[in-house]
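Scroll down for the structure; my scribbles are underneath it.
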Amino acid sequence: MEQSVIYSVDERNVATVTLNRPEKHNAFDDEMISELTRVFKKAAEDSTVRALILRAEGKSFSAGADLNWMKKMASFTKEQNESDALALAVMLQTLYEMPKPTIARVQGAAFGGAVGLIACCDIAIGSKLSKFCLSEVKIGLIPATISPYVVEAMGTRVSRRYFQTAEVFSARRARRLGLLSESVTEDELDSTIDNLLSNILKNGPQAVAKAKSLVQWVSSQEINDSLLSETSKLIAEVRTSDEGQEGLSAFLEKRSASWVEVKNDK
Numbered sequence: 007m008e009q010s011v012i013y014s015v016d017e018r019n020v021a022t023v024t025l026n027r028p029e030k031h032n033a034f035d036d037e038m039i040s041e042l043t044r045v046f047k048k049a050a051e052d053s054t055v056r057a058l059i060l061r062a063e064g065k066s067f068s069a070g071a072d073l074n075w076m077k078k079m080a081s082f083t084k085e086q087n088e089s090d091a092l093a094l095a096v097m098l099q100t101l102y103e104m105p106k107p108t109i110a111r112v113q114g115a116a117f118g119g120a121v122g123l124i125a126c127c128d129i130a131i132g133s134k135l136s137k138f139c140l141s142e143v144k145i146g147l148i149p150a151t152i153s154p155y156v157v158e159a160m161g162t163r164v165s166r167r168y169f170q171t172a173e174v175f176s177a178r179r180a181r182r183l184g185l186l187s188e189s190v191t192e193d194e195l196d197s198t199i200d201n202l203l204s205n206i207l208k209n210g211p212q213a214v215a216k217a218k219s220l221v222q223w224v225s226s227q228e229i230n231d232s233l234l235s236e237t238s239k240l241i242a243e244v245r246t247s248d249e250g251q252e253g254l255s256a257f258l259e260k261r262s263a264s265w266v267e268v269k270n271d272k
């Protein structure tokens, strides 16, 4: 039986997670959610992995929840539904908290929970022909588990609109709203992501991970004396770390840092 999720790591130590149900428009069910959680944890725990790309086979990124799975859930008890929803919430959190840069490669339609997957990634590059929809209310549901990430990505006021209207919106609008980092032609998707990776792979792996967590932490803090003190301690720790010392030495000595491979040192 063909795998619904494919995990691979290339020679650059970039992991790729591929949604592989093109005949179902990569709609996800409980088995796919479980497998995504497993491979996201695998990438997070692999110290050699430098970044992760989330992509999909076929003409759609993902249609969201699988209809057969939703039909099955309709007969579940409230407790069973809560357990089922928690599995999805954990999968999204695992992606969101990944201690590596994450890039979504989006083509075609991204509906419902798929918007949550995109919002969980640090960077999202979409095809100009992509379409997006927070479609849950159309069938009497709400985008509950994906809401923390979508609201963070798009903002409260915008989310109020699209959570309630279930309008389909374009890649151009998704870019303006903050869901996409860039929208490019489909032929430019891979080259755009390769350019991003080329920049990421020149940077200190630990510094990249700390910079990512810094954004998540600082965004919820009040700017006060305590924050000034904590951020000052943080940069002092990083400056005196092995990676910080190597990076500063390489810069001053006008050489490549130890983590930069010659082929990436452009």
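So that you can map any letter, position 250 of the sequence shown is 256 in this note's numbering, and since no number is skipped, the others follow by simple counting.
Note that CB positions come from ideal geometry on N, CA and C, so glycine has one too.
Residue burial classification, residue i (beta-carbon count within 10 angstroms, cutoff 16)
i: Lys30; result: buried
i: Gln170; result: exposed
i: Ser89; result: exposed
i: Thr43; result: buried
i: Asp72; result: buried
i: Asp271; result: Note that Asp271 scores 42 on pLDDT, short of 50, meaning its location in the model is unreliable and no value can be drawn from it.
i: Lys77; result: exposed
i: Phe257; result: exposed
i: Arg167; result: exposed
i: Lys65; result: exposed
i: Lys106; result: buried
Sheet register partners of residue i (DSSP bridge)
i: Lys137; result: Ala115, Ser176
i: Ile131; result: Arg111, Glu188
i: Arg61; result: Thr24
i: Tyr13; result: Val23
i: Ser204; result: Note: Ser204 sits in no beta bridge, so no partner.
i: Ala71; result: Phe34
Residue i versus residue j - alpha carbon distance
i: Trp283; j: Asp193; result: No answer is possible for residue 283: it lies beyond the span of the chain, which begins at 7 and ends at 272.
i: Trp75; j: Met38; result: 11 Å
i: Leu135; j: Gln113; result: 7 Å
i: Glu51; j: Ile206; result: 19 Å
i: Ser232; j: Ala180; result: 36 Å
i: Ala172; j: Lys216; result: 36 Å
i: Thr162; j: Ala116; result: 20 Å
i: Glu228; j: Ser238; result: 15 Å
i: Pro28; j: Leu98; result: 21 Å
i: Val268; j: Leu220; result: A caution first: Val268 carries a pLDDT of 48, below 50, which makes its placement in the model too unreliable to give a value.
i: Asp248; j: Asn209; result: 14 Å
i: Lys144; j: Pro211; result: 43 Å
i: Ser153; j: Leu147; result: 13 Å
i: Gln251; j: Val244; result: 8 Å
i: Leu185; j: Ser255; result: 38 Å
i: Cys126; j: Glu236; result: 26 Å
i: Asp36; j: Ala93; result: 8 Å
i: Met17; j: Leu203; result: A quick correction: the sequence has Glu, not Met, at residue 17. Between Glu17 and Leu203, the C-alpha separation is close to 13 Å.
Whole-angstrom C-beta distance between residue j and residue i, which should lie under 8 Å
i: Val11; j: Thr24; result: 7 Å
i: Asn19; j: Ala62; result: With a Cβ gap of about 22 Å, Asn19 and Ala62 do not count as contacting.
i: Ile109; j: Ala57; result: 7 Å
i: Val121; j: Phe138; result: 6 Å
Exercise. Could you give the uninterrupted runs of the alpha helix (DSSP H) lying entirely in the region 75-104, keeping only those of 4 residues or more?
Worked result: 84-102
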